[in-house]
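Below is one structure; the comments refer to it alone.
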C-alpha cells in the first residue's frame, strides 16, 4: 500500500480524539463521588442509569467490530443472506421479554448465575459461571484483533503493537470508571460508529453511480440470492440456518447474558428495562441492515476485480478497510473516521466483557471463599479487570492464526453459550428439571458441541469440507495497474465435501450457525429425559417465582409448597413489580 493511502494527520486526529474521549470519560467517573454501595456503583452504576445510554451501550456491546467488518466481508463472498438476522433479532427480543427477563430481573441477583443456585444448586451455578467466563475469554481477543487488523492495514504499524496499545486504553477506562464509564463511552462510541458508516455509505453510493447500479450489480453477481429455504443442515446461507441459528446465538447474548442483565438492572424500573430492550432491537436491526448494505457496496465496487485474487489484500477480513481507503482518496479524514467507528464497536464489546468478567469472578468465585473487606472490594474488582485485559492481550497472538471471523466467533460462542442457554431454559421453563439432571445435560451439551466443532475444523483443515464463495472475478482491473486479468469462477456450493476415501461424518458438515441451538437443545433434552431417572431430594419443591410467569400452568402441585399453591390460586399472575429493581 502506497504512502498516499495511509493515514493523514487529520485521520490520526479523529482517531486519537475518540480514544482520548473514552479515557476522559473513565477519569470523570473515577473522580465523581457517590454515596451508594461500592459494588452497586462499580457494577450497576448505582442503579440510576437512564434508558437511552443503557440501550446505546447494549447496542454497541452486541454490534462489535465482528459485525462491522466480518459481515460486509461475508456478504461480499457469500451474498446478502445475513439480512435474515433481522428476523432473528426480533424473535430473540420478544422471547427474552416473555420468558427470561421477567424471572431474571425480579430479584436482586449479584450475578444471573445466582438464579441457577437458587433453582438448582451451587454446582450448577459454578458450572454456568465457568461456561460464561470461558466464553468471554475466547471472544475478547477477537474483539481486539478486528480493529487492530484494520488499523495496521491503514497505518502500517505492527499489528501486535497496536493491539497492546488499544487494549491498554480500554483496560484503563474500564478499570477506573466502572459501569458508568463503560455505558457512557459506549454511548459515544455508538454515535461515532453510526456516523462513520453513514458517511461511508453516502460516499460509496456516489462512487458506485447510485443505488440502482448497486442493486443491478449485486443481482447480476448472485449476491441477492436470499430466498434459499432449503432445509439442508450444511447450507450456511439458507433462511432457516440463519434465522434459527442466529436467534439462538442472540438469545444467549441477551436473555442469559450477565452483561445484558447487568445493564438492565442499572435502570431503576422494570418498565424502563423493557424500553431498553425495544430500543436495542431497533438499533440491532439498523446495524445488521447497514452491514449487509455495506457488503453490497463493496461487491459493486470490486465485482470485476477481487482484491484478494489480485493480492491487494491477504484475507477477506481486510476488505472493508481496503474499500474505505480506496473510496476516500478525495475525502481526507474518512479513513480516520472509519477506524474510529470500527474501534468504537470493538472497544464497547471488550469493555463490557471486562466489566462483566470482574463481577462474575468476584461474586461467584471469590466472595464465597474469601473474606474481602469492604474497603478492598473496589480494588479487587479493578484488579480483576486488569488481569482479564492482560489475558486478552496475550490471546490476540492466537486469533490471527485461525480462520474467518464469522464462523470463528459462532463456534467459540456455541461451545459454552448453547449449553448455558439450555441450563437457564431448563430452570425457567421445565419445572421437573432438577440439579443432577441439569448438570448432566450441561456437561453432555458442551461435550457434544466440542465434538462436532472439532470434527468440522479437522476436516476443513484437511480440505475435506470447504466453504466455497460465489463467483469472484478479476477480469477488469483498470482501477489498478500491473494486474493481469484473471477469473476465479467458483460454483455456488456452500459446504463442499471432497471425494477423499475418508468422508466426514454427517454431523461434522453441519453449518456453524446451528452449533449454539444444538448445544442448547442437547442440554434441554438430556436434562429433561434424565430427570425421570435421577431423583434429587433438594429439588422436590419449586418456588413459582423461579418459573416464567407464562409457564406457571406447567407447575405440578406436587412440586410446590402448600402456601405456594394457595398463593397461585388466589393471586393472578403479574409481571415483576417496578420496585423490585429499585435499590
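Numbering (the working numbering), first residue to last: -17 to 565. The beta carbon of each residue, even a glycine, is placed where N, CA and C say it ideally should be.
Taking 4 residues as the shortest admissible run, the stretch 287 to 349 contains the following complete alpha helix (DSSP H) segments, listed from N- to C-terminal end: 301 to 309, 316 to 342. Put simply, of 502, 80, 116 the residue whose alpha carbon is nearest the alpha carbon of residue 342 is 116.
A residue is called buried once 16 or more other Cβ atoms fall within 10 Å of its Cβ, and residue -9, having fewer, is exposed. Minimum Cα-Cα distance from residue 502 among the listed residues 441, 448, 538, 110 corresponds to 110. At least 8 Å separates the beta-carbon of residue 432 from that of residue 441. Between residue 371 and residue 114, the beta carbon gap of about 17 Å keeps them out of contact (Cβ cut-off 8 Å). Fewer than three Cβ pairs drawn from the stretch 345 to 357 and the stretch 251 to 259 lie within less than 8 Å of each other, which leaves the two stretches out of contact.
Judged by their CB atoms, residue 235 and residue 402 are not nearer to each other than the 8 Å cut-off.
Leaving aside the five residues that flank residue 127 on each side, the residues in its chain whose CB is nearer than 6 Å to its CB run, in chain order, 378, 381. As the crow flies, the alpha-carbon of residue 398 is around 23 Å from that of residue 529. Cβ contact annotation for residue 211 (same chain, cutoff 6 Å, sequence separation greater than five): 221, in chain order.
Under the three-state reduction of DSSP output, residue 86 falls in the helix class. The three-state secondary structure of residue 530, taken from DSSP, is coil. Per DSSP, residue 74 is not a residue of any beta strand (DSSP E); the alpha helix (DSSP H) it occupies stretches across 67 to 77. A direct Cα-Cα distance of roughly 29 Å separates residue 44 from residue 437. Residue 166 and residue 444 have their alpha carbons spaced roughly 46 Å apart. Take the alpha-carbon of residue 146 and the one of residue 375: they are about 6 Å apart. In its chain, beyond the 5 residues on either side, 130, 133, 134 have a beta carbon closer than 7 Å to the beta carbon of residue 144. Sequence-distant Cβ neighbours of residue 496 in its own chain, meaning closer than 6 Å and more than five residues away, are 227.
Under the DSSP assignment, residue 80 falls outside any alpha helix (DSSP H); it carries neither an H nor an E label.
Rounded to whole angstroms, the separation of the alpha carbons of residue 290 and residue 297 is 6 Å. Inclusion of residue 510 and residue 412 in the CB contact set at 8 Å is warranted, their separation being smaller than that value. With a 10 Å radius around the Cβ and a threshold of 16 neighbouring Cβ atoms, residue 326 comes out buried.
In this structure, DSSP gives residue 213 a state outside helix and strand, which the three-state scheme calls coil. For residue 455, the enclosing beta strand (DSSP E) begins and ends at 454 to 456. With 16 or more other Cβ atoms from the protein chains shown falling within 10 Å of its own Cβ, residue 196 counts as buried. The alpha-carbon of residue 71 is positioned some 11 Å away from that of residue 268. Counting C-beta pairs with one atom in each stretch, the stretch 61 to 78 and the stretch 90 to 108 have fewer than three that are closer than 8 Å, which means they do not touch. In this structure, the straight-line span from the alpha carbon of residue 83 to that of residue 523 is close to 22 Å. Comparing alpha-carbon positions, the option among 430, 218, 198, 322 lying closest to residue 505 turns out to be 430. With fewer than 16 other beta carbons inside 10 angstroms of its own, residue -2 counts as exposed. Rounded to the nearest whole angstrom, the CA to CA distance from residue 362 to residue 407 is 32 Å. If you draw a straight line from the Cα of residue 171 to the Cα of residue 1, it is about 10 Å long.
Counting along the chain, the unbroken alpha helix (DSSP H) around residue 54 starts and ends at 53 to 60. In the three-state reduction of the DSSP assignment, residue 163 falls in the helix class, which pools H, G and I.
Pairing residue 141 with residue 304, the inter-Cα distance amounts to about 16 Å.
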